[in-house]
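Q: Okay, here's the structure, questions in a sec.
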Amino acid sequence: MAAERGRAHRKTGEIAMDTRRWLVALVLLCATFLHAEPVPLADLARHMQYEAVKISPDGKYLATTALVDGHSLLALIRLADKKGQLIRQRNEDAVTDFWWISPTRVVYTVGTRLGGYDRPLPTGELYAVNADGTGSTMLYGFRKDGMTTGTLVKQVVSERGSAEFIGTIAGDPKHILVATRLWDANGKHGVFATASRMDVRTGKLREIITAPMRDAFFVGDHQGRIRFAWGEDEQGDVRVFQLPLGGGDWKPMPELGASHSVPIAFDRDDSVAYFSCPAPSGGFGICRWSEDKPTLQEVWSNPTVESDGLLQGLAEDDIAGVTYMDGRAGIAPFDMQSPAARMLVALMKQFPGESVRFVSGTSDGSLSVVLVEADADPGTFYLFDAKAARLTPLLKRAPWINPPSMATKQPFEFAARDGMKLQGYVSYPPGHEQDKHLPTVVMVHGGPFSVRDRWEYDADVQALATRGYVVVQVNFRGSGGYGYAFEQAGWREWGGKMQDDVTDATRWAIAQGIADPQRLCIYGASYGGYAALEGAVKEPDLYQCAIGYVGIYDLPLMYRRGDIPETVSGENYLKRQLGDDMAQLAQRSPINQLDALKARVMLVVGGQDRRVPPIQGTNLHEALLKRHVPHVWLEKPGEMHGFYDEANVAELYGKMLDFIGSAIGPGVTAGGK
Numbered sequence: 132m133a134a135e136r137g138r139a140h141r142k143t144g145e146i147a148m149d150t151r152r153w154l155v156a157l158v159l160l161c162a163t164f165l166h167a168e169p170v171p172l173a174d175l176a177r178h179m180q181y182e183a184v185k186i187s188p189d190g191k192y193l194a195t196t197a198l199v200d201g202h203s204l205l206a207l208i209r210l211a212d213k214k215g216q217l218i219r220q221r222n223e224d225a226v227t228d229f230w231w232i233s234p235t236r237v238v239y240t241v242g243t244r245l246g247g248y249d250r251p252l253p254t255g256e257l258y259a260v261n262a263d264g265t266g267s268t269m270l271y272g273f274r275k276d277g278m279t280t281g282t283l284v285k286q287v288v289s290e291r292g293s294a295e296f297i298g299t300i301a302g303d304p305k306h307i308l309v310a311t312r313l314w315d316a317n318g319k320h321g322v323f324a325t326a327s328r329m330d331v332r333t334g335k336l337r338e339i340i341t342a343p344m345r346d347a348f349f350v351g352d353h354q355g356r357i358r359f360a361w362g363e364d365e366q367g368d369v370r371v372f373q374l375p376l377g378g379g380d381w382k383p384m385p386e387l388g389a390s391h392s393v394p395i396a397f398d399r400d401d402s403v404a405y406f407s408c409p410a411p412s413g414g415f416g417i418c419r420w421s422e423d424k425p426t427l428q429e430v431w432s433n434p435t436v437e438s439d440g441l442l443q444g445l446a447e448d449d450i451a452g453v454t455y456m457d458g459r460a461g462i463a464p465f466d467m468q469s470p471a472a473r474m475l476v477a478l479m480k481q482f483p484g485e486s487v488r489f490v491s492g493t494s495d496g497s498l499s500v501v502l503v504e505a506d507a508d509p510g511t512f513y514l515f516d517a518k519a520a521r522l523t524p525l526l527k528r529a530p531w532i533n534p535p536s537m538a539t540k541q542p543f544e545f546a547a548r549d550g551m552k553l554q555g556y557v558s559y560p561p562g563h564e565q566d567k568h569l570p571t572v573v574m575v576h577g578g579p580f581s582v583r584d585r586w587e588y589d590a591d592v593q594a595l596a597t598r599g600y601v602v603v604q605v606n607f608r609g610s611g612g613y614g615y616a617f618e619q620a621g622w623r624e625w626g627g628k629m630q631d632d633v634t635d636a637t638r639w640a641i642a643q644g645i646a647d648p649q650r651l652c653i654y655g656a657s658y659g660g661y662a663a664l665e666g667a668v669k670e671p672d673l674y675q676c677a678i679g680y681v682g683i684y685d686l687p688l689m690y691r692r693g694d695i696p697e698t699v700s701g702e703n704y705l706k707r708q709l710g711d712d713m714a715q716l717a718q719r720s721p722i723n724q725l726d727a728l729k730a731r732v733m734l735v736v737g738g739q740d741r742r743v744p745p746i747q748g749t750n751l752h753e754a755l756l757k758r759h760v761p762h763v764w765l766e767k768p769g770e771m772h773g774f775y776d777e778a779n780v781a782e783l784y785g786k787m788l789d790f791i792g793s794a795i796g797p798g799v800t801a802g803g804k
């Protein structure tokens, strides 16, 4: 007994010593952190080194999008020896997505910069390449070249259209399902897509069926059968169609469209299809549908938020549950005793406070790719061996970012002035989470509809918070992720209730003692740029500065300039969700309310922006000059709807911080006030 007590005493002593060592190490780490320099703005401006990672069906290869010399390339890596190939594209197009078609072949799509977006968008071209880097070919696209004839005159067989990957076909490594949309010079009303089987060696297409409505999306099963089509008509109403297995034409499903339920995917054995749906129990849900039971059966629901999507299981195409974001990221397995659920729970214990999920898997589920990420962590990809229960680091998305030195996002909820419940995030300067009355920037997201702020790494937030400013974000009515009624509540409320929600969030932060009411700025891009300037003129005594980044300042001008009114659906969108009362829109335009302006102003414009043409910014710039109102003006002729060039983004961060500092003073310093 004495010996046992001695051993127990020594064991207890060892634990205590380990605890003391841990505490000492923690103190030293905190001391180092408090005096550390913030991450360089140039690092915050960098694009992700690795955006996505997928494992081959047999587990022998990895495919990833890798940033090389500023360009996003497809990298194919052999796991046995970590050797690989980089697949370069013509004109240095960026690889935007990719899919393993078989253990030895990958299909991918590329993107290029377009005026309405701040990142490359798919061109509609499809390419294929073998896992060892051989056999590269273009399958579909407007730049596809044909074979040469005997006269050495090249025959052009390019397709004046775009192709979208739908899915692989079980047991057929030579074909995939794709949707093609031919470009129509008179396509203002949209186009009818065609679903086809494509040969991944030659690009040859075998047509299956044409969509029953314009601009529709297809959902196929794993046997290569098209089962559903859905989309929004020109009035913005959802329409869903089923293609019966026994043959026949499209069958409308009006009851689903009326409830805004849309098909997502089939489970691995094609016995069940999953739909987003309103939850019969209230709130928002995911439902099952089958041929045997063609009514929606709820399998998950949340009273506050919609799902983000379906939870990947251990194996590719294995659906294990639902992902969602009610404040922080969450998962809801369908069966907590399933191998995927048990493995995820075990992995989450290794990474407390972070989002952990499978993003790719082999055909048998023996190997999976796991992504671990958080609000302060861009993410790391791991390889998970299910049999050995072993996790091996693969690739960091942004290895130059040190998560412990980044700001964290704290979710909050409050009620707007009319009682509507809203969610948002507060990001404190690192080390100042308990401090009060801090200099604050209210950051308004763009969109504004179908977009929301999320609990995830955000370089814009980090640029402000790591320089000593609290960042407040709110998902105002109209934001996505909270259901159709919540989004519809924002229609025609530009400068109205949507703006009031931002004001109410600002006043909430003041009332909570978070924000110093004498040191407040408001910032946003696109719609957020509108909200920043509208906030400054509607609440002239609330904000000391406003930053409009590629923003809209003249609402009636949206009907005449930009790419939105170029289509009927775009025109209807403006009428439905912006409003068509031109007198009211003019009243709610910041450019017409400058008599009320007291805040200092900074305007940022991309010269090639087609979504919000630079005339929106230049007109306001000239109006301020005529009034002799000093302001900061930053225009980049080669940029579009948001800056993409890393040097330009870093310059933008620097100029924003200088401007904010001149308006409300410097941010709090690490370890001090």
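So for the sequence shown, the working numbering puts the first residue at 132; every next one is plus one. All C-beta atoms, glycine included, are put in the ideal place defined by N, C-alpha and C.
Would you kindly report the start and end of the unbroken beta strand (DSSP E) that includes Lys767?
A: 762–767
Q: Is the CB-CB distance between Phe489 and Ala477 below 9 angstroms?
A: no
Q: Can you tell me whether DSSP reads Met456 as helix, strand or coil?
A: strand
Q: For Leu165, which of helix, strand or coil comes out of DSSP?
A: Residue confidence for Leu165 is low, a pLDDT of 45 falling below 50, so the modelled location carries little weight; the figure read from the coordinates is stated next. Helix.
Q: Would you identify the three-state DSSP class for His576, choosing helix, strand or coil?
A: coil
Q: So, using beta-carbon positions, are Ala197 and Phe229 closer together than 9 angstroms?
A: no
Q: Does the separation of the CB atoms of Ala324 and Phe296 fall below 9 angstroms?
A: no
Q: What do you get for Arg419, buried or exposed, if any count of 16 or more other CB atoms within 10 angstroms of its CB means buried?
A: buried
Q: Along the chain, where does the alpha helix (DSSP H) containing Gly792 start, and where does it finish?
A: 777–795
Q: Span of the beta strand (DSSP E) holding Tyr674?
A: Element bounds for Tyr674: n/a, residue is neither H nor E.
Q: On the CB-based measure, 16 or more other CB atoms within 10 Å of its CB, does Gln649 come out buried or exposed?
A: exposed
Q: Going by C-alpha distance, which of Val260, Ser267, Pro253 is nearest Phe273?
A: Pro253
Q: Beta carbon of Ala662, beta carbon of Pro687: below 9 angstroms?
A: In terms of Cβ geometry, Ala662 and Pro687 do not form a close pair [threshold 9 angstroms].
Q: With distance defined between alpha-carbon atoms, name the residue in Arg399, Val371, Gln428, Trp431 nearest to Ala446.
A: Arg399
Q: What is the residue span of the alpha helix (DSSP H) that Leu595 lies within?
A: 590–596
Q: Let me know the secondary structure DSSP gives Tyr661 once reduced to three states.
A: helix
Q: Helix or strand or just coil, what does DSSP make of Ala294?
A: strand
Q: Could you pull out every residue in the same chain whose Cβ sits closer than 6 angstroms to the Cβ of Gly215, ignoring the five residues on either side in sequence?
A: Only Ala206, Leu207, Ile208 meet the Cβ criterion.
Q: Give me, in chain order, the residues of the same chain whose beta-carbon lies closer than 7 angstroms to that of Gly292; leave out the 5 immediate sequence neighbours on both sides.
A: Gly255, Thr311, Arg312, Leu313, Trp314
Q: For Ala359, which residues of its own chain have a beta-carbon under 8 angstroms away from its beta-carbon, when the five flanking residues on both sides are left out?
A: Looking at the sequence provided, one finds Phe at residue 359 rather than Ala. Hits under 8 angstroms: Phe349, Val350, Val371, Phe372, Gln373, Leu374, Pro394, Ala404.
Q: Along the chain, where does the alpha helix (DSSP H) that runs through Arg638 open and close?
A: 628–642
Q: Could you give the DSSP three-state label for Leu442: helix, strand or coil?
A: strand
Q: Among residues of its own chain, excluding the 5 on either side of Phe515, which ones have a beta-carbon nearer than 6 angstroms to its beta-carbon?
A: Excluding its 5 nearest sequence neighbours in each direction, Phe515 has C-beta neighbours in its own chain below 6 angstroms: Ser499, Val501, Leu522, listed in chain order.
Q: Are Ala538 and Ala460 close, meaning C-beta to C-beta below 9 angstroms?
A: Not closer than 9 angstroms, so no.
Q: Using a Cβ-Cβ cut-off of 6 angstroms (strictly less than) and excluding sequence neighbours within five positions of Pro234, which residues of its own chain qualify?
A: Ser187, Pro188, Asp189
Q: Take Ser402 as the anchor and find which of Asp449, Gly413, Cys408 has the nearest alpha-carbon.
A: Asp449
Q: Could you tell me the alpha carbon to alpha carbon distance between Glu618 and Ser407, rounded to whole angstroms?
A: 16 angstroms
Q: Please state the DSSP three-state secondary structure of Ala472.
A: helix
Q: Whole angstroms are fine: how far does the CA of Met474 sit from the CA of Ala519?
A: 12 angstroms
Q: Please confirm if Asp212 has its CB atom under 9 angstroms from at least one CB of chain B.
A: The chain labelled as chain B is not found in the depicted structure, where only one protein chain is given.
Q: For His759, count the other beta carbons within 10 Å of its own beta carbon; 16 or more makes it buried, fewer makes it exposed. Which is it?
A: exposed
Q: Could you check whether Ser203 and Ala176 sit closer than 9 angstroms to each other, using their CB atoms as the reference points?
A: no
Q: Hey, is the segment 327–345 in contact with the segment 719–726, meaning 3+ C-beta pairs nearer than 8 angstroms?
A: no
Q: Could you give the first and the last residue of the continuous alpha helix (DSSP H) run that contains Glu386?
A: 385–389
Q: Compute the distance between the beta-carbons of Tyr654 and Ile683, then report whether it is under 9 angstroms.
A: no
Q: In this structure, does DSSP put Met329 in helix, strand or coil?
A: Under the three-state reduction of DSSP, Met329 is assigned to strand.
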